[in-house]
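Peer 1: Provided herewith is a single structure, encoded as structure tokens, for subsequent inquiry.
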Amino acid sequence: MSSVADAHAADHHDHGPAKGIGRWLFTTNHKDIGTMYLVFSFAMFLAGGAMAMIIRAELFQPGLQMVEPAFFNQMTTMHGLVMIFGAVMPAFVGLANWMIPLMVGAPDMALPRMNNWSFWLLVTGSLILMSTLFMDGGAPNFGWTAYAPLSTTYGPDSTTFFIFSVHILGISSIMGAINVIATIINMRAPGMTLMKMPMFVWTWLITAFLLIAVLPVLAGAVTMLLMDIHFGTAFFDAAGGGDPVLYQHIFWFFGHPEVYILILPAFGIISQIIPTFSRKPLFGYTSMVYATAAIAILSFLVWSHHMFTVGLPLPGELFFMYATMIIAVPTGVKIFNWITTMFRGSISFETPMLFAIGFVVLFTVGGLSGVMLAIAPADFQYHDTYFVVAHFHYVLIPGAIYGIFASVYYWLPKWSGRMYSEALGKAHFWLSFIGLNIAFFPMHFLGLAGMPRRYADYPIQFANFNQVSTIGAFLFGASQLLLVFIVYRAVKNGPKADAKPWEGAEGLEWTVPSPAPYHTFEQPPRVD
Amino acid sequence: MSSNQSYYVPESSIWPIVGSIGMFLTFFGLSTLLVNQSNGDPTTTAWVVFTIGALVLIYMITGWLRDVIRESRAGLYDAQMDRSFRQGMSWFIFSEVAFFAALFGSLFYIRFFAVPWLGGEGAKGTANMLWEGFQAQWPLLSNPDNSQFAGPDSVIGPWGLPLLNTLILVTSSITLTLSHKALKYDKRKQTIYWLAATVALGAIFLFFQIEEYIEAYSHLNLTLDSGIYGSIFFLMTGFHGLHVLLGGIILFVVLMRLIKGHFSAHDHFGYEAGAWYWHFVDVVWIMLFVFVYVI
Amino acid sequence: MSVQALRAGALATAVTAPSSALAEWGVNLPEGVTSISNTIYDIHMWVFWICVVIGVGVFLAILWSVLAYRHSKGAKPAHFHENTTVEIIWTVIPFLILIMMAIPATGTLVDMYDTSDAEMEIKVTGYQWRWQYEYMDEDISFFSSADTPRDAERNLIEKTEDYKYSVDNPLVLPVDTKIRFLITSNDVIHSWWVPEFGWKQDAIPGFINKNWTKIEEPGTYYGLCAELCGQGHSDMPIEVKAVPKDEYREWVAEQTGDDG
Ligand code: HEA
Ligand code: HEA
Ligand code: CUA
Ligand SMILES: [Cu+2]
Numbered sequence: 021m022s023s024v025a026d027a028h029a030a031d032h033h034d035h036g037p038a039k040g041i042g043r044w045l046f047t048t049n050h051k052d053i054g055t056m057y058l059v060f061s062f063a064m065f066l067a068g069g070a071m072a073m074i075i076r077a078e079l080f081q082p083g084l085q086m087v088e089p090a091f092f093n094q095m096t097t098m099h100g101l102v103m104i105f106g107a108v109m110p111a112f113v114g115l116a117n118w119m120i121p122l123m124v125g126a127p128d129m130a131l132p133r134m135n136n137w138s139f140w141l142l143v144t145g146s147l148i149l150m151s152t153l154f155m156d157g158g159a160p161n162f163g164w165t166a167y168a169p170l171s172t173t174y175g176p177d178s179t180t181f182f183i184f185s186v187h188i189l190g191i192s193s194i195m196g197a198i199n200v201i202a203t204i205i206n207m208r209a210p211g212m213t214l215m216k217m218p219m220f221v222w223t224w225l226i227t228a229f230l231l232i233a234v235l236p237v238l239a240g241a242v243t244m245l246l247m248d249i250h251f252g253t254a255f256f257d258a259a260g261g262g263d264p265v266l267y268q269h270i271f272w273f274f275g276h277p278e279v280y281i282l283i284l285p286a287f288g289i290i291s292q293i294i295p296t297f298s299r300k301p302l303f304g305y306t307s308m309v310y311a312t313a314a315i316a317i318l319s320f321l322v323w324s325h326h327m328f329t330v331g332l333p334l335p336g337e338l339f340f341m342y343a344t345m346i347i348a349v350p351t352g353v354k355i356f357n358w359i360t361t362m363f364r365g366s367i368s369f370e371t372p373m374l375f376a377i378g379f380v381v382l383f384t385v386g387g388l389s390g391v392m393l394a395i396a397p398a399d400f401q402y403h404d405t406y407f408v409v410a411h412f413h414y415v416l417i418p419g420a421i422y423g424i425f426a427s428v429y430y431w432l433p434k435w436s437g438r439m440y441s442e443a444l445g446k447a448h449f450w451l452s453f454i455g456l457n458i459a460f461f462p463m464h465f466l467g468l469a470g471m472p473r474r475y476a477d478y479p480i481q482f483a484n485f486n487q488v489s490t491i492g493a494f495l496f497g498a499s500q501l502l503l504v505f506i507v508y509r510a511v512k513n514g515p516k517a518d519a520k521p522w523e524g525a526e527g528l529e530w531t532v533p534s535p536a537p538y539h540t541f542e543q544p545p546r547v548d
Numbered sequence: 205m206s207s208n209q210s211y212y213v214p215e216s217s218i219w220p221i222v223g224s225i226g227m228f229l230t231f232f233g234l235s236t237l238l239v240n241q242s243n244g245d246p247t248t249t250a251w252v253v254f255t256i257g258a259l260v261l262i263y264m265i266t267g268w269l270r271d272v273i274r275e276s277r278a279g280l281y282d283a284q285m286d287r288s289f290r291q292g293m294s295w296f297i298f299s300e301v302a303f304f305a306a307l308f309g310s311l312f313y314i315r316f317f318a319v320p321w322l323g324g325e326g327a328k329g330t331a332n333m334l335w336e337g338f339q340a341q342w343p344l345l346s347n348p349d350n351s352q353f354a355g356p357d358s359v360i361g362p363w364g365l366p367l368l369n370t371l372i373l374v375t376s377s378i379t380l381t382l383s384h385k386a387l388k389y390d391k392r393k394q395t396i397y398w399l400a401a402t403v404a405l406g407a408i409f410l411f412f413q414i415e416e417y418i419e420a421y422s423h424l425n426l427t428l429d430s431g432i433y434g435s436i437f438f439l440m441t442g443f444h445g446l447h448v449l450l451g452g453i454i455l456f457v458v459l460m461r462l463i464k465g466h467f468s469a470h471d472h473f474g475y476e477a478g479a480w481y482w483h484f485v486d487v488v489w490i491m492l493f494v495f496v497y498v499i
Numbered sequence: 189m190s191v192q193a194l195r196a197g198a199l200a201t202a203v204t205a206p207s208s209a210l211a212e213w214g215v216n217l218p219e220g221v222t223s224i225s226n227t228i229y230d231i232h233m234w235v236f237w238i239c240v241v242i243g244v245g246v247f248l249a250i251l252w253s254v255l256a257y258r259h260s261k262g263a264k265p266a267h268f269h270e271n272t273t274v275e276i277i278w279t280v281i282p283f284l285i286l287i288m289m290a291i292p293a294t295g296t297l298v299d300m301y302d303t304s305d306a307e308m309e310i311k312v313t314g315y316q317w318r319w320q321y322e323y324m325d326e327d328i329s330f331f332s333s334a335d336t337p338r339d340a341e342r343n344l345i346e347k348t349e350d351y352k353y354s355v356d357n358p359l360v361l362p363v364d365t366k367i368r369f370l371i372t373s374n375d376v377i378h379s380w381w382v383p384e385f386g387w388k389q390d391a392i393p394g395f396i397n398k399n400w401t402k403i404e405e406p407g408t409y410y411g412l413c414a415e416l417c418g419q420g421h422s423d424m425p426i427e428v429k430a431v432p433k434d435e436y437r438e439w440v441a442e443q444t445g446d447d448g
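These protein sequences, in sequence, are chains V, B and D.
Here my numbering is used: the first sequence runs in plain steps of one and ends on residue 548.
Here my numbering is used: the second sequence runs in plain steps of one and ends on residue 499.
Here my numbering is used: the third sequence runs in plain steps of one and ends on residue 448.
Okay, structure coming up:
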């Protein structure tokens, strides 16, 4: 007891990080935890990307050459799950951990011990998920959406492990989200009113709300899968009065807000970076906040656009079509605000800015194909084809992934105290940009021409574009190794970075030295 | 927002990682257990792993709570910290609300869409072609395919045990409020008595609930595998029951702390968190009573 | 080892084989052979061109800003950061554009849901991994399975034009007849899809979905299962032979004659 009191009395400035492995295992420091999140999520990105490479290699030509369809389905499923739950969501939580306290002038996250638990539960859940790859009967093979009854009566043994891993990952994310909300609401420096918060903080606040609202719903859905598998219930079995489509309703009630969970923090990041490199304040801050909130609210009302062909009654079909289309309006507001921020600015093209511009351009492509998908009668053709795959990779990679890359380049000087090589960063951007478009643009054509998704083998008419796509995918994949090298090189012996390496940057995070000291803002700064 | 004193950031702690190891063992063990059971394989090892995991988790929870209580008693927490805890707890309850909302949503979908369609009504009534003779009625005593899912003989009427249980839980919310009032006026004896009454009522509720399950299983043929009514009935009341159990345990711990002399009229976040949780569980029950039993 | 070698060999041939011999560069939806598929195609093109225009507008705006206001060219930043009028404009105009998309979409959807007045009815049941067709007004019912040779999948023999498409027993349908489909499944969810008819419809076990078609041109139309249904998902194609009405009558007579 006295030791605790002593610790409090002591001046925190004297505390560096603990030594050895214990620093990482037991830490309550938001920067350590943020780093662990970022490193872990990047490892998962490589793992999920390696699976994508297997998918693309198999699809290089018609016929079965690399893998059996049974294994192909496992790759598709695990690729989706690993990318979403292992790569993108944790990367955003890592960014939140590092940056939100720095941006609102708080000494740490509001609930630091729980913060550590969130991270280690992420590892726990991921370990269980990955372990399914080595089980008898193989990993989950029913798509990341796990539709019943393919995942219940017909699922492999590993389904049970998958279900519990989703529970654990869900708990981890909910705790992370609670922490973010408590930090933002409660820990802001004096004078930092809500409408003065950086956009990244705003978008994360809204994302956290979405997480807390929908992850429990996913937990409910997979719990019902579990019950159908092991306890004889009939939730998704018409023979007992249930309905397989019920699963889809619950899943997508989670699933659609989930895709905005994967994009809103990236919106926030872009709203930080574009003003910095345009040397001009963000245009329409207030409308940005409202647009983000509108997207979040609407996201609860559109879930059945993933289910246009399951046989919804006509009024449902119409409602979900209209509701989905409306989301284009607030999203458009954001796009236009970003462009207007650049308009009449003084723009320079450092790597973060390149990724940000790439984001705005390519996300628009993905968003517009989303609007096409939202047209219900046309979705009777598009649904479950590569057109959908093209859509969501265009919003996920130039959206979520570019957002993360941009922030890595933007804040790396703050995290490590060192600059990356601008030339290499630009190379990374251009290789990614080219590879990405070669990989995913042809998928639009494939889908329209009639190629269904989740196919291990396909008619020969789709051979050409698949070949192109695979080449692009390998280019994109290989250029990610460059990122590993760039970051490694910068951290090891990059040139020292100033406290504020970007001329046009604004915000509290640039008022502390680079690298940010282990403890920052123990006395809250004043914001006016 | 404007505390001058610096925010208390706890020193590094072993509990999160211990908790994660516990979770891993628990759920890896549990999954193996379930899978082996349905494949008819031996389950002993899985039981062992699961049990070790659960023990580690209990160890973690007690250790973690002990730390928090110690810090709180040492006066390390300021008003801002208190707000963080409160917000943490409120959002946790919000996530629970979302969980139950999913279950209620499922209930409504089944009742108002799926079952009528299977019975031949509504926009997708053609489904009845596949289930000749099946009639939609709620509660569902006869399933579309009774050879796969033998329906229950009858279901639990609302006006017996369930009504009693409703009264019990509502009363427990009242006793809890009385206890809370007493705490605010620093009347420790009354606080403890009313809280003890609350915990006791919770225990009685659980006792009746188990009684009801036994009745359902042994006399009514109402089971998890008796079709969708049994499925959703046990899912919803079961998860609610688990929450009563959890809430009861929290309140019990709070009671013990009260007896030890923790909590004051102004400083009793742990107490309030437990109370919020209890009221939440109570509200869920009232919804359950109306939508699962009565309507 | 030998399997490995075989695979390596197959891969090598694949890389070197001239792919143009195999395939075409199809880039768009088929217009199809029913009124619904035609309307869907029109809506698709309508929405597509609107999106292209919006996209091009956005890209030009970005390009202009990026080129005209370069720091390296000494651009001095302005300081404005708000303008309610433009905010309102770019909220309202997209909204109006969306309405222009929604109107034709609504009409088409209503048509697609109108399964009344069908002249005949086919029940389609998905199985892992084949389709069953039942002619509700005749005494005809059969299974239709893929007959792609395994050796072609293993790259041991040349792949034909109908690789992964051909089936043993195609579904035979009359043209110019409104046909109602009752679609269901026996195990997991499948989805019955013939692009030339304009729609896919999920086959849900225990439930029946309805859709309809009225084929306007005789011909052979191919389709594929469009909902992940296990390892044979890419192995349950659809082949529809649409024939003139009298030919269809003959076919029915033949079938029922054989059976009875
Ligand atoms: C980051 C993730 C993300 C984001 C942001 C979006 C954004 C959108 N998505 Fe996407 N979507 C996914 C991820 C995402 N999606 C995934 C993963 C799937 C597949 C899941 C699976 O089945 O596995 C999917 C599937 C999916 C479907 C189901 C397709 C099918 O299975 O048949 C639909 C249908 O409506 C859809 C629509 C939309 C729409 C309308 C938007 C909108 O939010 C887009 C809004 C943006 C714009 C429109 C561009 C900018 C706006 C302007 C320039 C203004 C002017 C524009 C107009 C007036 C049109 N998406
Ligand atoms: C954020 C999410 C995210 C991200 C980033 C990606 C990234 C990629 N995805 Fe996707 N994908 C999904 C989410 C995502 N995906 C989802 C949700 C699905 C649906 C799943 C389902 O149907 O259930 C899907 C499905 C999906 C499919 C359809 C599968 C099918 O229907 O059967 C394909 C096919 O090409 C694909 C490809 C790719 C590729 C090539 C990348 C690339 O961008 C990956 C690039 C990264 C790397 C390659 C890693 C880095 C490099 C190395 C590890 C070194 C080794 C590299 C080489 C040897 C080159 N993905
Ligand atoms: Cu049947 Cu896919
Ligand atoms: Cu969606």
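Quick reminder that beta carbons are idealized off the backbone N, C-alpha and C, glycines included.
1. Does the pairing of the stretch 276–287 of chain V with the stretch 222–238 of chain V give three or more beta-carbon distances under 8 angstroms?
2. Note down the Cα distance separating residue 58 (chain V) from residue 94 (chain V), rounded to an integer number of angstroms.
3. Report all residues from its chain with a CB closer than 8 angstroms to the CB of residue 165 (chain B); omit the five preceding and five following residues, and keep chain order.
4. Along the beta strand (DSSP E) that carries residue 174 (chain V), what are the first and last residues, could you check?
5. Should residue 550 (chain V) be flagged as near chain D, meaning a C-beta pair shorter than 8 angstroms?
6. Check for me: the beta strand (DSSP E) holding residue 413 (chain D) runs from which residue to which?
7. On the DSSP bridge list, what partners appear for residue 330 (chain D)?
8. Label residue 328 (chain B) either buried or exposed according to how many other C-beta atoms from any shown protein chain fall within 10 Å of its C-beta, with 16 as the threshold for buried.
9. Cα-Cα, which of B:291, B:282, B:220 and B:495 is closest to residue 200 (chain V)?
10. Starting from residue 312 (chain D), follow its DSSP beta bridges and name the residues at the other end.
11. Could you run through the stretch 324–348 of chain B and flag, in chain order, every residue whose CB is less than 8 angstroms away from some CB of chain V?
12. On the criterion of 16 or more Cβ atoms from any shown chain inside 10 Å, does residue 312 (chain B) qualify as buried, or is it exposed?
13. Who are the near neighbours of residue 330 (chain V) in its chain, counting only those whose CB is closer than 7 angstroms to its CB and skipping five residues on each side?
14. Could you tell me whether the Cβ atoms of residue 161 (chain V) and residue 213 (chain V) are closer together than 8 angstroms?
15. Closest to residue 441 (chain V) by C-alpha separation, out of V:400, V:77 and V:504, would be which residue?
16. Could you pull the start and end residues of the alpha helix (DSSP H) that residue 226 (chain D) belongs to?
17. Is there a Cβ of chain B sitting closer than 8 angstroms to that of residue 247 (chain V), yes or no?
18. Counting contacts by CB-CB distance shorter than 8 angstroms, is residue 211 (chain D) in contact with chain B?
19. Whole angstroms are fine: how far does the CA of residue 299 (chain V) sit from the CA of residue 422 (chain V)?
20. Looking at chain B, is there any beta carbon in it that lies within less than 8 angstroms of the beta carbon of residue 141 (chain V)?
21. Taking only three categories from DSSP, how would you classify residue 378 (chain D)?
22. Can you pull the DSSP bridge partners for residue 431 (chain D)?
23. Compute the distance between the beta-carbons of residue 383 (chain B) and residue 395 (chain B), then report whether it is under 8 angstroms.
24. Check each candidate in B:412, B:432 and B:392 and name the one with the smallest Cα separation from residue 341 (chain B).
25. Comparing the CB of residue 402 (chain V) with every heavy atom of ligand 1, is any distance shorter than 7 angstroms?
26. Return the CA-CA distance between residue 471 (chain V) and residue 222 (chain D), expressed in angstroms with no decimal places.
Peer 2: Looking at the coordinates:
1. yes
2. 26 angstroms
3. Outside the displayed range of chain B (205 to 499) lies residue 165 (chain B), so it cannot be described from this structure.
4. Careful: residue 174 (chain V) lies outside any beta strand (DSSP E) and carries neither H nor E.
5. Given a span of 21 to 548 for chain V in the structure shown, any question on residue 550 (chain V) remains unanswerable.
6. 407–413
7. D:321
8. buried
9. B:291
10. D:321 and D:371
11. 326, 327, 328, 331, 334, 335, 344, 347 and 348
12. exposed
13. 265 and 268
14. no
15. V:504
16. 223–256
17. yes
18. Here residue 211 (chain D) scores only 47 on pLDDT, less than 50, and its place in the model should not be relied on; the value that follows carries that caveat. False, the Cβ-Cβ gap to chain B never drops below 8 angstroms.
19. 21 angstroms
20. yes
21. strand
22. D:362
23. yes
24. B:432
25. yes
26. 20 angstroms
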